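Those protein sequence lines, which keep their order, are chains B and H.
Going by our numbering, the residue at position 340 of the first sequence is 340; the numbering climbs one at a time, nothing skipped.
Going by our numbering, the residue at position 361 of the second sequence is 1361; the numbering climbs one at a time, nothing skipped.
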Amino acid sequence: MPESEFAVELAGITKRFPGVVANDDIALRVRRGQVHAICGENGAGKSTLMKILYGIQQPDEGTISVDGAVVGFRSPSDAIKAGIGMVHQHFMLADNLTVAENILLGAEALHGIGGGARKRIAELAHVVGLETDPGVLVESLGVADRQRVEIVKVLYRGARTIILDEPTSVLVPQEVDELFDTVRGMRAEGFTFLFISHKLDEVRAIADQITVIRRGTSVGTADPRTVTTRQLAEMMVGSELPSPQTRESTVTDREVLRVEGLELAGDGGGRPLLAGVDLVVHAGEVLGIAGVEGNGQTELVEAIMGIRRAGGTVVVGGRDVSRASTLARREAGIGYIPEDRTRYGLLATQPLWANRMLGYQSRPPVARGGFLGLLDRGAARRDTERIIAEFDVRTPGPDVAAAALSGGNQQKLVVGRELSGDPVLLIASHPTRGVDVGAQAGIWDVLARARARGLAVLLISADLDELIGLSDSIKVMFRGRLVADADPSTVTPEQLGSAMTGAAMTGAAMTGAAMTGAAMTGAAGTGTATTDAGATGRHRRPGQGAR
Amino acid sequence: MKRIRTVLLPPALAIVFAALLCAVALVISGDSPLTALGAMITQVGEGTTAVDIINSGAIYYVAALAVAIGFQMKLFNIGIEGQFRLAACVAAIVGGALVLPPVIHTIVIILVAAAVGALWAGIAALLKAYRGVSEVISTIMLNFIATGLIAFLIRRDTFGLLQGNNISTAPIPESGRFPGISLGSSGTIFGMVFVAALLGVGYWYMLGRTRFGFELRASGESPTAATAGGVDARRMVIIALLLSGAVAGLVGIPELVGRDFAYTLTSPQGYGFTGIAVALLGRNHPVGIALGALLWAFLDKSALALDNVGVPREIVLIMQGSVVLSVVVAYEIVRRYELAAEQRRVSAQLRAVPVPEQQEVRS
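This is the structure:
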């Protein structure tokens, strides 16, 4: 073993992409046997940096040193040989193979596929705390166990330095605690971790050292024992922070959306994707849906939009649209911010004004009407210019392709479009996912103002602070059912997290009377705060936010 | 400026590249590329070649439009061939049997052809929309069925007549013919050439100015985003294929009502496949397709002259093949380059304006 104080050293790393400098002169030194956190907003350049360290991309400038020796990685296999492993945010597992097969896949040469391999897997499973039988199929595992399988996979390939890319984004708070216990245990055995996150409470809880990245460059390091979440967040965004909050209630008793008995069968006769979902959203109300991803939120939204055919009734503004097409539902006054704007919201190579027409091709100002369905391109352009001005979309003009904009500006365009034409209901699926802090604050503000004007909003989000901050009421979704109600003025992210795992379905926990042990002891902030200060974020009420 | 470069550069590069490739092939086989080129260009002025190029170009143009309608939403209607042949055959039978006043007679023939083309493509459309059958497979199969059906339709005991050694449908009377523009010894330009041009204008207008065109392009660009935007994917598949088939049905009409006046065993084939190549060459753009169709027709018709200078005519096939391949490659390269350049330009322009670090949130 070569001895050097630092397991990994990056110096002067610069990487340019068309249109952006993703990394600009980044320096990073990771001590052996430590958990080194890398913090930064979405789009700050964290992922690019890790891809460079893992050999997926090559830096334009700068050097990488492992154990004191300069290396040049041309591919991930070079990085693996140097003892660096990466656990991706989106797992790279084959569902239809067993745990052991997933671990061995591509690494058959190391210990064969027989007894030697089994023994090694058992040892590593113990290190990582993976308790499932290596013979079971990965598809039967939960998210936390899949993550452990991923970690075993990189250890099996000889990794001593492990990159965890946003490992907590798919976990509920209790699972995060377990992951951290595992990481601490492995650190004690000499493993080094690079922990990528933008969740600052988590970073402070686990890291020995923090490097903050903003706009593609490293702006400094911090000691998690002394730095506050607020200071860290300010390093990340370079200025004062916004927080999601709505002020006094604007809820009326006028029903805008009524969903009754929504049913959607699972593929191949499996567990139903939606089972008897009932909900009502009133004018001026934001109804939040909490849930771990994959519990039916996507299907719920698509069923309400008419993209999927589901049983049950959907009434919008007093009109039964259960059998109506997606376009008819949009015409009935539904605006729709899809969860993945690049796949569901935008035509990437089309200019912005053409994107303005999508979903509005049958209505003024875009459509002129008539038998041929003529479009008014001039009006579409003018209205796009209005959106650009009103929603602060940073673009040279309405003629550039949607793909040329940054994620936050794309999202502002989508939000602006979906609020055009006076909708009565807005379905917002992860409206601030993958956008920068400035755009996030802008979108929160837009949603709050639209609510004040009487818009009904169905909000689906994985960001619990966003849900708690924006919603007038919250329902928790688990395995296709709405299993609990929560009052955003009293509920904590931990309590929501419990309900999301299906643990506390009685609703008792949701009143705050019976917090789970994990939540009580959850060391300094295991919440899922993204940009908010932990201390004030804990018991924030609408109208009494952190700001 | 930028648009012109994006649109014109790739085909220009591709044609130059393909020409170079042919030149190399000629040099290797011991012929002079310049002699060959000279002979082909001189040929345009000879006899009816110029008019033949325009007439063939119009036919290729219609076929390519039919393909391009499908391409707009990533549907590959490879069955233009079967659709146009069956349509021409049925239209010839109907046209030969009816007695109608002039003009109306011709219009009826054209409408019958469009309807038959749409119907034949409609089988593939329904299979695709309701059973998920790939339109590539079903239209290829329908091509074979069309061949068999035509053979049955022009048998002597159905609608065929024996004309010398050939079997033909009953000839279309004078009233059903589409008069062309006679240029004396240089030949006659089909009247249908102008209909083809009108189809091109209609195609352009539909794509850019109508809701259907927008939905078509949106479905092609991103089916998921189109669905979320209220575009009915199933309806789009059906309408796009029906429309593609209707246009395909017109491919055989210029020759039917302008020259042959009957459908015979030896009626031309292969236009459907040429249409695919021309649509690729013209990148589904109405003007691009027109230029592609003319280039293709020029290569086809001028090739006759190569025999006179002792150059193998097959060199033209090399040229046609390589020009399509290089156009596809060149467009892809330029498209990627332009997208990257646009992203660079947008961020450069945005950086020039001082952006406040943090926008004011509660205004």
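Ideal placement from N, C-alpha and C gives every residue a C-beta, glycine not left out.
Quantities reported herein were computed from a predicted structural model and do not represent experimental measurements.
With a 10 Å radius around the Cβ and a threshold of 16 neighbouring Cβ atoms, B/Leu164 comes out buried. What H/Val1346 touches in chain B, judged by beta-carbon distance under 8 Å, is Gly19, Thr395, Pro396, Val400, Ala404, Leu405, going in chain order. When secondary structure is reduced to three states using DSSP, H/Ile1154 falls in the coil class, being assigned neither helix nor strand. When H/Ser1322, H/Ala1036, H/Leu1149, H/Met1040 are compared, the shortest CA-CA separation from H/Ala1014 is found for H/Ser1322. Under the Cβ distance rule, B/Ile307 counts among the residues neighbouring chain H, one pair being separated by less than 8 Å. When CB distances to chain B are screened at a threshold of 7 Å, the residues of the region 1195-1216 of chain H falling below it are Arg1209, Thr1210, Arg1211, Phe1212, Phe1214, Glu1215, in chain order.
Only Ala367, Leu372, Gly373, Leu374, Leu375 from the region 366-378 of chain B bring a Cβ to less than 7 Å from some Cβ of chain H. For secondary structure counted as the beta strand (DSSP E) over 3 or more consecutive residues, the region 1032-1068 of chain H holds no complete run.
Interface criterion met: the Cβ of B/Gly359 is under 8 Å from a Cβ in chain H.
Judged by DSSP in its simplified three-state form, B/Phe195 adopts strand. The beta carbons of B/Ile427 and B/Tyr336 sit about 5 Å from each other, so the pair counts as a contact at 8 Å. Close to chain B, meaning a Cβ-Cβ distance shorter than 7 Å, are the following residues of the region 1223-1237 of chain H: Thr1224, Ala1225, Thr1227, Ala1228, Gly1229, Gly1230, Asp1232. As a beta-bridge residue in DSSP terms, B/Tyr336 pairs with B/Ile427. Think of a sphere of 7 Å around the beta carbon of H/Ala1218: the chain B residues whose beta carbon falls inside it are Leu347, Leu358, in chain order. The Cβ neighbour count for B/Asn355, taken over all protein chains shown within 10 Å, is at least 16; the residue is labelled buried. Separation of the CB atoms of H/Ala1218 and H/Val1231 is rounded to 6 Å, and the pair is thereby assigned contact status at 8 Å. In the DSSP assignment, B/Glu494 falls within the unbroken alpha helix (DSSP H) covering 493-500. When secondary structure is reduced to three states using DSSP, B/Ala402 falls in the helix class.
Rounded to the nearest whole angstrom, the CA to CA distance from H/Phe1214 to H/Leu1207 is 6 Å. Secondary structure remark: continuous alpha helix (DSSP H) runs of at least 4 residues inside the region 464-496 of chain B, in chain order: 464-470. B/Met50 and B/Thr221 have their C-alpha atoms some 17 Å from each other. Using a C-beta cut-off of 8 Å, the region 1066-1073 of chain H makes contact with the region 1238-1245 of chain H, since at least three inter-stretch Cβ pairs fall below that distance.
The alpha carbon of B/Leu372 has as its nearest neighbour, out of H/Met1192, H/Gly1030, H/Thr1224, H/Thr1210, the alpha carbon of H/Thr1210. Among the residues of chain B, none has a CB under 7 Å from the CB of H/Glu1332; the nearest is roughly 13 Å distant.
By the Cβ rule, the region 1083-1095 of chain H does not count as touching the region 1328-1335 of chain H, because fewer than three pairs are nearer than 8 Å. B/Asp165: member of the beta strand (DSSP E) spanning 161-165, first to last residue. With respect to the C-alpha of B/Val292, the residue from B/Gly407, B/Ile460, B/Gln34 having the closest C-alpha is B/Ile460. Using a Cβ distance threshold of 8 Å, B/Arg32 and B/Glu9 do not count as a contacting pair. In summary, H/Pro1179 is exposed, with fewer than 16 beta-carbon neighbours lying within 10 Å of its beta-carbon over all protein chains present. The closest CA to that of B/Gly311, considering only B/Ala265, B/Gln350, B/Arg479, is found on B/Ala265. Under DSSP, B/Lys15 forms a beta bridge with B/Asn23. Under a 10 Å Cβ-count criterion, H/Ala1348 is classified as exposed, with fewer than 16 other Cβ atoms of the shown protein chains found around its own Cβ.
H/Val1112 is classed as buried because its beta carbon has at least 16 other beta carbons within 10 Å across all chains shown.
Interface criterion met: the Cβ of H/Leu1339 is under 8 Å from a Cβ in chain B.
The C-alpha of B/Ala403 is placed about 35 Å away from the C-alpha of B/Arg29. Taking a contact to require three or more Cβ pairs closer than 8 Å, the region 275-294 of chain B and the region 454-472 of chain B qualify as touching.
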